[in-house]
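In my numbering, the protein residues as written are 5 to 367.
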């Protein structure tokens, strides 16, 4: 809808905090003080808790999918809902709105801003958001996105690899992801400062999406750096498209987080099925991803220790005439946190184990 500027005007006029669905990451800069990030099943603790405890939700183009709401009958129980969507079929499908508005998201948001300015110019009283902002600040300080640092001689932490990629990425870099743990880590550990710099298959959940998407993004924006983040499961579904990238001279960069598993399924089987692992182990050494990449005309790099991460990324960023694939050998036991278990309420959010002792402060 090209509504990013209108959204920014709205939140800065009102002081209302923003949470963004997985597909909307980047619509408001992550550095903006009113942006709380992504809520829901694998959203930040602050975003999920603020969403759950709100008394008003202005929902712009979102569809109340189950990854955001958790158990629907417990979702944001005190909130009045203003739902803006261009599709009338979305109104009341999951959560009945108090004020349904059918229309283009940008145009409606601009009209809301116009009406609010008129109210303010007429002397309308501004609500005191101080106590609410104080609660949010407390959650942010106590429940940042967390993971345990890696140890020498142990497998790499995928979150660390993504943070290093993020910090070395030029402004305006486009990030594409597949589906699974790496998709959630990408959303949690990357800073999106511009709209349309995050391309992923949220909703459909298509494994193997990132490489073809990255090729398309690079073809459309040849002047921008484009990274595809993939897991070893996703990579094996569409890696052959790297031949297209080579033949058509569309140089993308691929960060392959290889933990030898279908990681998200493994996480569920460990946490909710008593570690009864079934059909999730792929292999540590087969295929050889570096040789495979090189056979398709790409540069292949393998990274197995923390001290190799930054040099590998620097090398990849220096190569702009060929596709580069970096295979990061990552820790298979690493899980995505926070997490709202499937079918549970957002109130049942699981924080990282290192934060469990203070979990009751999310109140």
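Note that CB positions come from ideal geometry on N, CA and C, so glycine has one too.
State the DSSP-derived secondary structure class of residue 327, mapped to helix, strand or coil.
Coil at residue 327, not helix or strand.
Once DSSP output is grouped into helix, strand and coil, what is the label at residue 263?
The three-state reading of DSSP puts residue 263 in coil, since its state is none of H, G, I, E or B.
If you check the beta carbons only, do residue 231 and residue 173 fall under 8 angstroms apart?
Contact: yes.
Is DSSP giving residue 3 helix, strand or coil here?
Past the edges of the chain, shown from 5 to 367, lies residue 3, and the structure says nothing about it.
Could you round the C-beta distance between residue 228 and residue 176 to whole angstroms and report it? I think they count as a contact, below 8 angstroms.
Residue 228 to residue 176, Cβ: 6 angstroms. Contact.
May I have the straight-line CA-CA distance separating residue 280 from residue 267, to the nearest angstrom?
Separation of residue 280 and residue 267 (C-alpha to C-alpha, rounded to the nearest whole angstrom) is 14 angstroms.
Is residue 302 helix, strand or coil by DSSP?
In this structure, residue 302 counts as coil in the three-state DSSP scheme.
With contact counted as at least three CB pairs below 8 angstroms, one residue from each stretch, are the region 199-213 and the region 149-160 in contact?
The region 199-213 makes no contact with the region 149-160; the number of CB pairs closer than 8 angstroms stays below 3.
Does the distance from the CB of residue 43 to the CB of residue 55 come in under 8 angstroms?
Cβ atoms of residue 43 and residue 55: closer than 8 angstroms.
Would the region 311-320 and the region 239-252 be scored as touching if the rule is three or more Cβ pairs under 8 angstroms?
The region 311-320 is not in contact with the region 239-252.
Can you give the Cα-Cα distance for residue 45 and residue 83, rounded to whole angstroms?
In a straight line, the C-alpha of residue 45 is about 19 angstroms away from that of residue 83.
DSSP state of residue 84 mapped onto helix, strand, coil
It is a strand residue.
Cutting at 6 angstroms between CB atoms, please list the residues of its own chain near residue 3, excluding the five before and the five after it.
It is not possible to answer for residue 3, since the shown part of the chain is limited to 5 through 367.
Touching by the beta-carbon criterion (3+ pairs, under 8 angstroms), the region 282-298 and the region 353-367
Too few Cβ pairs lie closer than 8 angstroms, so no.
Can you list the alpha helix (DSSP H) stretches of 4 or more residues lying completely in the region 144-228, in chain order?
The region 144-228 contains these whole alpha helix (DSSP H) runs: 162-172, 185-193, 214-224.
Can you give the Cα-Cα distance for residue 270 and residue 284, rounded to whole angstroms?
Cα to Cα, residue 270 sits roughly 6 angstroms from residue 284.
Using only CA atoms, which one of 324, 6, 50, 26 lies nearest to residue 350?
Minimum Cα distance to residue 350 is reached at 50.
Residues that DSSP places opposite residue 104 in a beta bridge:
Under DSSP, residue 104 takes part in a beta bridge, and its partners are 87.
Spatial distance of residue 259 from residue 326 (CA atoms)
In this model, residue 259 and residue 326 are separated by some 14 angstroms (Cα to Cα).
Quick check on the DSSP output: what are the complete beta strand (DSSP E) runs of length 3 or more inside the region 28-82, in order along the chain?
For the region 28-82, whole beta strand (DSSP E) runs of length 3 or above, ordered along the chain, are 60-64.
Compare the Cα-Cα distances from residue 90 to each of 112, 103, 77 and report the closest residue.
If you compare the alpha carbons of 112, 103, 77 with that of residue 90, the shortest gap goes to 112.
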